[in-house]
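Protein chains in written order, with the working numbering: chain A, 1 to 321; chain B, 322 to 642.
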């Protein structure tokens, strides 16, 4: 029969593994989510997390009856050992050297590919989001940390040991502010969300006069990147100093990557950027000022389009592609 | 006959087009030069340059009788329009928008691929030199200018418009020293050979007391990067300032690319680096200090191995590959 020769539609399971939840979705080859489910990670041992993922996956599969799902892709918040499926470090889970791909592949009885969550999200944007159809894409995420992912010649760049894209740890100030990674002067130490909050705390704890203190009514737990931006916009010198430093360094560092990578499209995502049109605009302006003219000409810049689903979708598509 | 099934050895013509000479070589699929020839570029019109290339190519071909050469690759000192064969700008030749690939393909009656000379050289090193067998390679050249080439997933990264690798124009100091490209604060404005000489001249012309003046016996034309290094090593404050600034910025900028690209191997080439073991060592030290630990672990660093032939060899191999 002629229909024998029509390839069945391809589906994959996409998993987004954060520090708090495991999400699973059945995704088609165009990046559409057919069904999805979520499980809280109450316990963080590898065995417990694998069970939580398996439960979420089963719920998603149950909600998509009749769909044949052959492969599974995982985007994990952590540092991977190349394409081996081993999570070298996942700070949010307290993991070191966990062979997640192998464990999950056995549990799900399917081939499993594990990539870093930002790389999965960037791949989702490339295949089904803001960079659809582009071959050369640079994606930057500014949230609690700062990260990026490189797509060149239509392929995700993992790097020799799987850690390509560590934009948060380029050095802006040799010997500068101490970063959570233990090194000094990293971009993330000035511009990551956690460090924006830390810098505000430090100023307040050093008794520097600042409108930040009145804005939060003395409750340090209310300090956020959004509060910083608001108080900086009102002209408070402490907030202005921290905020301006962050956007200046982000603009310069991202521009320098645009100069070297010459992407067709730059995608800006992550909580700090997506929830602040002003910060987004300042980064775009910085790239315009500092990227080399030849790499800037024709560059398209856009916000990430898939929101929280980009990692789920990208992980599934990486398993299909 | 069984021998019908043995593929004939593949050969290609490699062309290295600089500002002064056109070199041609017949190169085999392993990157070995079978024969080569050179022509001076007395006239720099596109037609005259195409004739000079054709003459060099014919000499190389005549010296390799019985070898079937099907394709031709050109490494050109200039900025290319992607993979179209059009040279957008070649400052040394005074060219703008010259369709070199088309002109040369007609003249040589062979398919011709044109890439930037540094990309060709990097490909030569990857296929037959210091990065043999590596999939992820970052190559930096410090000569009169500063440039680089990215190889990721085993492929040369051209970028969306063919200008990937412009390391010389990453911004080290927003609003800093004016660069030859017209922008401010570029790495090349501090660390390229032309700019090292320009900075020494500026100090001398500003009548700043410096041992550089006595070292060259008043003849400004004797200023070179090697003289700078020598006088800096002897402790002259002006030379120390210029030299230390250059190596610090080179170390930081290269380290930041290692952080983002996570190459298996970093190759350092170009006249300023290859003729100065001390400068080479300082850059290696800078990468060790400033690259993120996860990208630095396992990174191999080596000098370019093919010397002046890397571009010829790489251009030919790009036509074969």
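Each residue gets a CB set at the ideal place from its N, CA and C atoms; glycine is no exception.
The structure presented is a predicted model; accordingly, all values stated were derived computationally and were not measured.
Indicate whether at least one CB of chain A lies closer than 7 Å to the CB of residue i.
{"i": "residue 457 of chain B", "result": "yes"}
{"i": "residue 490 of chain B", "result": "yes"}
{"i": "residue 418 of chain B", "result": "no"}
{"i": "residue 582 of chain B", "result": "yes"}
{"i": "residue 566 of chain B", "result": "no"}
{"i": "residue 473 of chain B", "result": "yes"}
{"i": "residue 577 of chain B", "result": "yes"}
{"i": "residue 395 of chain B", "result": "no"}
{"i": "residue 573 of chain B", "result": "yes"}
{"i": "residue 494 of chain B", "result": "no"}
{"i": "residue 467 of chain B", "result": "no"}
{"i": "residue 408 of chain B", "result": "no"}
Buried or exposed: which applies to residue i, given that a residue is buried once 16 or more other Cβ atoms fall within 10 Å of its Cβ?
{"i": "residue 285 of chain A", "result": "exposed"}
{"i": "residue 366 of chain B", "result": "exposed"}
{"i": "residue 84 of chain A", "result": "exposed"}
{"i": "residue 310 of chain A", "result": "buried"}
{"i": "residue 127 of chain A", "result": "buried"}
{"i": "residue 370 of chain B", "result": "buried"}
{"i": "residue 438 of chain B", "result": "buried"}
{"i": "residue 542 of chain B", "result": "exposed"}
{"i": "residue 337 of chain B", "result": "buried"}
{"i": "residue 208 of chain A", "result": "exposed"}
{"i": "residue 323 of chain B", "result": "With a pLDDT of 48 at residue 323 of chain B, under the threshold of 50, the predicted position of this residue should be treated as unreliable, and no value is reported."}
{"i": "residue 188 of chain A", "result": "buried"}
{"i": "residue 361 of chain B", "result": "exposed"}
{"i": "residue 62 of chain A", "result": "exposed"}
{"i": "residue 279 of chain A", "result": "buried"}
{"i": "residue 66 of chain A", "result": "exposed"}
{"i": "residue 113 of chain A", "result": "buried"}
{"i": "residue 363 of chain B", "result": "exposed"}
Is there a C-beta anywhere in chain B that falls below 7 Å from the one on residue i?
{"i": "residue 295 of chain A", "result": "yes"}
{"i": "residue 159 of chain A", "result": "yes"}
{"i": "residue 140 of chain A", "result": "no"}
{"i": "residue 166 of chain A", "result": "yes"}
{"i": "residue 264 of chain A", "result": "yes"}
{"i": "residue 155 of chain A", "result": "yes"}
{"i": "residue 67 of chain A", "result": "no"}
{"i": "residue 1 of chain A", "result": "The predicted model places residue 1 of chain A with a pLDDT of 46, which falls under 50 and marks its position as unreliable; any figure quoted below should be read in that light. No, residue 1 of chain A does not count as interfacial toward chain B."}
{"i": "residue 26 of chain A", "result": "no"}
{"i": "residue 163 of chain A", "result": "yes"}
{"i": "residue 209 of chain A", "result": "no"}
List the residues of chain E that residue i touches, going by C-beta distances under 9 Å, in chain order.
{"i": "residue 181 of chain A", "result": "Structure shown: chain E not included; protein chains present are A and B."}
Looking at C-alpha atoms only, which residue of the options is the closest neighbour of residue i?
{"i": "residue 539 of chain B", "options": "B/517, B/522, B/391 and B/608", "result": "B/522"}
{"i": "residue 102 of chain A", "options": "A/81, A/94 and A/117", "result": "A/81"}
{"i": "residue 496 of chain B", "options": "A/115, A/248, A/170 and A/125", "result": "A/248"}
{"i": "residue 504 of chain B", "options": "A/296, A/206 and A/179", "result": "A/296"}
{"i": "residue 125 of chain A", "options": "A/70, A/216, A/30 and A/191", "result": "A/30"}
{"i": "residue 235 of chain A", "options": "A/133, A/210 and A/225", "result": "A/210"}
{"i": "residue 320 of chain A", "options": "A/68, A/36, A/39 and A/238", "result": "A/68"}
{"i": "residue 627 of chain B", "options": "B/619, B/595 and B/620", "result": "B/595"}
{"i": "residue 292 of chain A", "options": "B/501, B/454, B/552 and B/591", "result": "B/501"}
{"i": "residue 109 of chain A", "options": "A/70, A/204 and A/139", "result": "A/70"}
{"i": "residue 173 of chain A", "options": "A/302, A/252 and A/17", "result": "A/252"}
{"i": "residue 513 of chain B", "options": "B/590, B/525 and B/475", "result": "B/590"}
{"i": "residue 339 of chain B", "options": "B/435, B/381 and B/414", "result": "B/414"}
{"i": "residue 98 of chain A", "options": "A/47, A/278 and A/156", "result": "A/47"}
{"i": "residue 146 of chain A", "options": "A/170, A/216, A/157 and A/131", "result": "A/170"}
{"i": "residue 298 of chain A", "options": "A/308, A/156, A/38 and A/264", "result": "A/264"}
{"i": "residue 140 of chain A", "options": "A/271, A/294 and A/64", "result": "A/271"}
{"i": "residue 282 of chain A", "options": "A/215, A/229, A/177 and A/212", "result": "A/229"}
{"i": "residue 385 of chain B", "options": "B/393, B/364, B/334 and B/372", "result": "B/334"}
Between residue i and residue j, which are expected to be in contact by the criterion C-beta below 8 Å, what is the C-beta distance as a whole number of angstroms?
{"i": "residue 312 of chain A", "j": "residue 36 of chain A", "result": "7 Å"}
{"i": "residue 635 of chain B", "j": "residue 262 of chain A", "result": "19 Å between Cβ atoms; not a contact."}
{"i": "residue 246 of chain A", "j": "residue 196 of chain A", "result": "6 Å"}
{"i": "residue 451 of chain B", "j": "residue 597 of chain B", "result": "So it is not a contact: roughly 18 Å between Cβ atoms."}
{"i": "residue 267 of chain A", "j": "residue 304 of chain A", "result": "5 Å"}
Practice problem: Could you say if the region 120–132 of chain A and the region 81–95 of chain A meet the contact criterion of at least three C-beta pairs nearer than 8 Å? | Solution: no
Self-check item: Contact between the region 366–377 of chain B and the region 336–346 of chain B (3+ Cβ pairs under 8 Å)
Solution: yes
Self-check item: Contact the region 162–176 of chain A vs the region 142–151 of chain A: 3+ CB pairs below 8 Å
Solution: yes
Quiz item: For the region 558–566 of chain B against the region 127–138 of chain A, are there 3 or more C-beta pairs whose distance is under 8 Å?
Solution: no
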